[in-house]
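Take a look at the structure set out below.
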Amino acid sequence: MTQARDDRGGYAVGYGKPPLHSRFRKGRSGNPRGRSRGSTPLAQLLQQALDETVLVPKGHGRRRITKREAIVAGLVDRALQTDPRATRLLLDMMLKTQRDETFDHATPDEREDAREHLIREFDRIAAAQERAHATALGRIKRPANEAPVEGHSEEASPAGA
68 MTQARDDRGG YAVGYGKPPL HSRFRKGRSG NPRGRSRGST PLAQLLQQAL
118 DETVLVPKGH GRRRITKREA IVAGLVDRAL QTDPRATRLL LDMMLKTQRD
168 ETFDHATPDE REDAREHLIR EFDRIAAAQE RAHATALGRI KRPANEAPVE
218 GHSEEASPAG A
């Protein structure tokens with residue numbers, strides 16, 4: 068494999084080793100223009116849009132609420148009208164917020180207990196998978212016409228023999 072040599076540097080030019088004249092200069096950004104001043108990140112645009120207020124009919128009058136509140140109220144109303152998708156989404160949101168609140172308000176000891184419980188569960192599942200794998204391998208029979216591998220026997224030999 069032939070590698071070209073840089074005229075000035077005298078080192079091999081290739082994958083991951085660009086010529087010296089085309090490298091980024093020290094102290095100079097690789098993205099000199101960067102993000103333009105006028106552009107706003109998508110998350111910030113979403114927050115601003117959800118924080119805008121709208122007028123909604125309430126009883127005999129109107130009430131001013133944020134779009135965020137209007138969306139949640141509409142979701143609850145659709146779930147009350149037995150829309151299964153809205154009900155499912157609402158229940159998922161309720162469970163997630165309850166879990167988040169429970170974990171946020173838990174003491175450090177309770178959080179550690181939850182982590183330890185998860186670790187124990189993962190260990191238990193991994194051990195069960197290893198047992199199932201070993202059982203599946205034990206069921207595989209060697210064909211009758213295949214000779215055993217030299218130095219290994221079918222039966223377990225006692226230790227040190």
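Per our numbering, the sequence shown starts with residue 68, numbered consecutively.
We put the beta carbon where it would ideally sit given N, CA and C, even for glycine.
Taking the straight line between their C-alpha atoms, what separation do you get for His172 and Arg182?
Each residue's alpha carbon lies about 15 Å from the other.
Quick check on DSSP: helix, strand or coil for Pro151?
Helix.
Any idea what DSSP makes of Ser224, helix, strand or coil?
Bear in mind that the predicted position of Ser224 carries a pLDDT of just 49, short of 50, making it unreliable; the figure below should be weighed with that in mind. Looking at Ser224 - three-state DSSP - the assignment turns out to be coil, as it is neither helix nor strand.
What are the boundary residues of the alpha helix (DSSP H) that includes Leu109?
Counting along the chain, the alpha helix (DSSP H) containing Leu109 begins and ends at 109 to 118.
For a test of the three-state rule: what should DSSP assign to Arg95, helix, strand or coil?
DSSP places Arg95 in coil when its eight states are reduced to three.
Where does Arg198 sit, in a helix, a strand or coil, going by DSSP?
Arg198: helix per DSSP, three-state reduction.
Would you mind stating whether Leu157 and Ala146 have Cβ atoms separated by less than 8 Å?
Contact flag set, yes.
Alpha carbon to alpha carbon, how far is Ala140 from Ala110?
Computed Cα separation, rounded: 22 Å.
When DSSP builds the beta bridges, which residues end up paired with Arg131?
DSSP output for Arg131 lists Leu122 as bridge partner(s).
Quick check: Val121 and Lys134, are their CB atoms within less than 8 Å of each other?
Contact flag set, yes.
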